[in-house]
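Be aware that the sequence shown starts at -18, since it is given in our numbering, and climbs by one per residue. Since the structure comes first, as structure tokens, the remarks are kept for the end.
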Amino acid sequence: MVKERQKTRTDDDDDNVHIQQSNSQWPKLFEIYFLSSKSRLSQTITNTTSDDDLVFYVTRQMQNDFHHPLHLVEVFRHHDSKRLPTLGAPEYDWEETTNLNLVLHQFEYTVTTAVCTKTSSKHLQILKRLST
């Protein structure tokens, strides 16, 4: 995708495409489909939005080395608006962010937490367990 973004149209090569303002519409799409309480995409199987409250942000490439791209993914709860990055912030790749969320929100996740005590050097006893 990074290489596609850098292509420009030439007269000799019709395979190349010039992409203008590739990052301009992505923050708005991200807001509509992943942050807005009215238009958030529902989960595929349960058809609800309340189960899925994580949003993923992809930082921009820090190095100009296409063989070793450096992208970091930050994860936030979409309800925690005070901690969410500013929409359209230049340090995030909004196209990658939107596409990553489109993919990851198609999966169902189960989170299990447990309170345990160590009964011996190699064994734990589960006192309480919760899966959601």
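A virtual CB, placed ideally from N, CA and C, is assigned to each residue, including glycine.
With 16 other Cβ atoms within 10 Å as the buried cut-off, status of residue i
| i | result |
| --- | --- |
| Thr100 | exposed |
| Ser67 | Per the sequence shown, residue 67 should be read as Thr rather than Ser. So Thr67 counts as exposed. |
| Thr113 | exposed |
| His104 | exposed |
| Leu108 | exposed |
| His155 | Lying outside -18 to 113, the shown extent of the chain, residue 155 is not represented and no answer is given. |
Identified DSSP bridge partners for residue i
| i | result |
| --- | --- |
| Ala70 | Looking at the DSSP assignment, Ala70 forms no beta bridge with any residue, so it has no partner. |
| Leu105 | Lys99 |
| Ser119 | Outside the modelled stretch of the chain, which goes from -18 to 113, sits residue 119, for which no answer is possible. |
| Val36 | Phe57 |
Cβ-Cβ distance between residue i and residue j below 8 Å
| i | j | result |
| --- | --- | --- |
| Phe57 | Val39 | no |
| Phe15 | Asn80 | no |
Short CB-CB distance (under 8 Å) between residue i and chain C
| i | result |
| --- | --- |
| Thr91 | Checking the listed chains, one finds no chain C in this structure; it contains a single protein chain. |
Could you tell me whether the region 85 to 98 touches the region 50 to 69, using the rule of 3 or more Cβ pairs below 8 Å? The region 85 to 98 is not in contact with the region 50 to 69.
Take every Cβ of the region 67 to 84, pair it with every Cβ of the region 7 to 23, and state whether three or more of those distances are shorter than 8 Å. Counting Cβ pairs under 8 Å, three or more are found: they touch.
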